[in-house]
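Top line first, the protein sequences correspond to chains F and Y. For the first sequence, my numbering gives the first residue as 3, with consecutive numbering after it. For the second sequence, my numbering gives the first residue as 152, with consecutive numbering after it. Backbone N, C-alpha and C define an ideal beta-carbon position, used for all residues, glycine too. Treat the numbers as computed from the prediction; the structure is a model and nothing was measured.
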Amino acid sequence: MNKFEEGLLKYLSEDQLKKIQSIKIGIGGAGGLGSNVAFILVRSGFKNIEIIDFDNIEASNLNRQNYYIDDIGKPKAETLKSYLLSINPDAKIITHHKKWDSSSLENIFHGRDIIIEAFDHPSQKKDFVEYYQDKTDILISGNGMAGLGSKQDIITKRINNIFIVGDNVTDTQKGHPPMAPRVVSCAAKMAEIALDLSLGFLT
Amino acid sequence: MLSMKMIINGQEKDFEPSLSLENLIDSLSQNKAHVIAELNGNIIKSSEWVRTTVAEGDKIELVTFVGGG
Numbered sequence: 003m004n005k006f007e008e009g010l011l012k013y014l015s016e017d018q019l020k021k022i023q024s025i026k027i028g029i030g031g032a033g034g035l036g037s038n039v040a041f042i043l044v045r046s047g048f049k050n051i052e053i054i055d056f057d058n059i060e061a062s063n064l065n066r067q068n069y070y071i072d073d074i075g076k077p078k079a080e081t082l083k084s085y086l087l088s089i090n091p092d093a094k095i096i097t098h099h100k101k102w103d104s105s106s107l108e109n110i111f112h113g114r115d116i117i118i119e120a121f122d123h124p125s126q127k128k129d130f131v132e133y134y135q136d137k138t139d140i141l142i143s144g145n146g147m148a149g150l151g152s153k154q155d156i157i158t159k160r161i162n163n164i165f166i167v168g169d170n171v172t173d174t175q176k177g178h179p180p181m182a183p184r185v186v187s188c189a190a191k192m193a194e195i196a197l198d199l200s201l202g203f204l205t
Numbered sequence: 152m153l154s155m156k157m158i159i160n161g162q163e164k165d166f167e168p169s170l171s172l173e174n175l176i177d178s179l180s181q182n183k184a185h186v187i188a189e190l191n192g193n194i195i196k197s198s199e200w201v202r203t204t205v206a207e208g209d210k211i212e213l214v215t216f217v218g219g220g
């Protein structure tokens, strides 16, 4: 057990930490939601995470994503991995720097318990939900976390094994800017669901 | 029966009888390519919408996905 994990035991029992560490997480998309969810999950004790993202870091990502100015141009998935390991060096982080498409859904996230859907495009979100609706894996999907002065609350809708988190309205493709407070709060809510499920607070 | 009542996203609405889920979603002018449909607690894949008949008293929730992640 490393120092980080010893520190976690100030807040969690050994049994709770073991439960959290036994859960295998998949994260689709390492942008605003995915990078923030990943940080929160690793800080919460999760140490087995698979990340898929095809993108490289741009200056316009730094307003909300967990990257830094020297990271511009680097691949997101691998860069995120390096930061997660700097929190918990014993975490097992698998990364794929590649584009995902709906025909390849059966080939990703094998043996994962909880999948975080954090892609940009609404059609990808729909494909994920429709694919996982008859599976036993848990899917936590982000939907609507943009906008300035938004009046819509970020809510969670649950349909069996599917959790949809967001305001369901604000659309980056319709000019709503993704800003850190709302993006991070949506990511935090998604991570909280994963943590609560892992510890049996949600069943 | 001239019309049937269903609960759509928590609101009671009247529809013509013998409606498919596909017709119903079309009539609500949703952006179908970004919509998922929950019928009485279960998600119905969009490939099944045409074959799925909705009935009096059904509870339907439609969620439209938006961009951003």
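Kindly indicate which three-state DSSP category residue i falls into: helix, strand or coil?
i: Ile71(F); result: helix
i: Arg160(F); result: strand
i: Glu207(Y); result: coil
i: Phe165(F); result: strand
i: Leu141(F); result: strand
i: Asn58(F); result: strand
i: Glu189(Y); result: strand
i: Gly30(F); result: strand
i: Val44(F); result: helix
i: Glu167(Y); result: coil
i: Val171(F); result: coil
i: Lys94(F); result: strand
i: Thr215(Y); result: strand
i: Pro183(F); result: helix
i: Lys156(Y); result: strand
i: Gln23(F); result: helix
i: Ile51(F); result: strand
Can you list, in chain order, the residues of its chain whose CB lies under 7 Å from that of residue i, leaving out five sequence neighbours each side?
i: Ile59(F); result: Tyr69, Asp73, Ile74, Gly75, Lys76, Lys78, Thr81
i: Phe6(F); result: Ile89, Asn90
i: Asn182(Y); result: Thr215
i: Tyr133(F); result: Leu107
Between the alpha carbons of residue i and residue j, how many angstroms are there, rounded?
i: Lys191(F); j: Leu153(Y); result: 45 Å
i: Glu194(F); j: Leu190(Y); result: 27 Å
i: Ile140(F); j: His185(Y); result: 21 Å
i: Lys176(F); j: Ile161(F); result: 27 Å
i: His98(F); j: Asn174(Y); result: 40 Å
i: Met2(F); j: Gly34(F); result: Outside the displayed span of chain F (3 to 205) sits residue 2(F), for which this structure offers no information.
i: Asp103(F); j: Gln126(F); result: 8 Å
i: Lys156(Y); j: Phe166(Y); result: 6 Å
i: Ile118(F); j: Lys101(F); result: 16 Å
i: Asn90(F); j: Asn170(F); result: 33 Å
i: Gln162(Y); j: Asp209(Y); result: 11 Å
i: Ser197(Y); j: Asn65(F); result: 36 Å
i: Ile29(F); j: His123(F); result: 15 Å
i: Trp200(Y); j: Ile159(Y); result: 16 Å
i: Lys12(F); j: Gln23(F); result: 16 Å
i: Asp136(F); j: Leu86(F); result: 31 Å
Could you name the residues of chain F that residue i contacts, counting a contact when the two beta carbons are closer than 8 Å?
i: Glu189(Y); result: Ile161
i: Lys196(Y); result: Glu132, Gln135
Check the Cβ of residue i against every Cβ in chain F and list those closer than 7 Å, keeping chain order.
i: Ile158(Y); result: Those within 7 Å of Ile158(Y) in chain F number zero; the least Cβ separation is about 15 Å.
In chain order, what residues of the same chain have a beta carbon less than 8 Å from the beta carbon of residue i, not counting five sequence neighbours either side?
i: Ala148(F); result: Thr172, Asp173, Thr174, His178, Pro179, Pro180, Met181, Arg184, Val185
i: Asp83(F); result: Per the sequence shown, the amino acid found at residue 83(F) is Lys instead of Asp. Only Ile53, Ile95, Thr97 meet the Cβ criterion.
i: Arg202(Y); result: Ser171
i: Leu204(F); result: Ile195, Asp198
i: Arg114(F); result: Lys26, Ile27, Gly28, Glu52, Asp139
Tell me which same chain residues have a C-beta within less than 6 Å of the C-beta of residue i, skipping the five on either side of it?
i: Asp57(F); result: Lys78
i: Asp92(F); result: Asn4
i: Val205(Y); result: Leu170, Leu172, Leu175
i: Ala32(F); result: Ile53, Asp55, Lys78, Ala79, Leu82
With C-beta atoms as the reference, is residue i less than 8 Å away from residue j?
i: Gly47(F); j: Leu19(F); result: yes
i: Val131(F); j: Ile176(Y); result: no
i: Gly151(F); j: Gly168(F); result: no
i: Ile27(F); j: Ile51(F); result: yes
i: Ile95(F); j: Ala196(F); result: no
i: Ser200(F); j: Ile71(F); result: no
i: Lys128(F); j: Phe216(Y); result: yes
i: Ile164(F); j: Ile194(Y); result: yes
i: Gly220(Y); j: Phe111(F); result: no
i: Val44(F); j: Ala189(F); result: no
List the residues of chain Y that residue i touches, going by C-beta distances under 7 Å, in chain order.
i: Lys127(F); result: Phe216
i: Val171(F); result: Val217
i: Phe124(F); result: First, the residue type needs correcting, since residue 124(F) is Pro and not Phe in the sequence shown. The contacting residues are His185, Phe216, Val217, Gly218.
i: Pro91(F); result: Ordered by position in chain Y, no residue passes the 7 Å Cβ test against Pro91(F), which lies about 28 Å from the chain.
What in chain Y is Cβ-close to residue i, meaning under 9 Å?
i: Thr174(F); result: Val217, Gly218, Gly219, Gly220
i: Pro31(F); result: The amino acid at residue 31(F) is misidentified as Pro; the sequence shows Gly. Per Cβ cutoff of 9 Å: Gly220.
Residues of chain Y with a CB under 8 Å from the CB of residue i: which are they?
i: Pro180(F); result: Gly219
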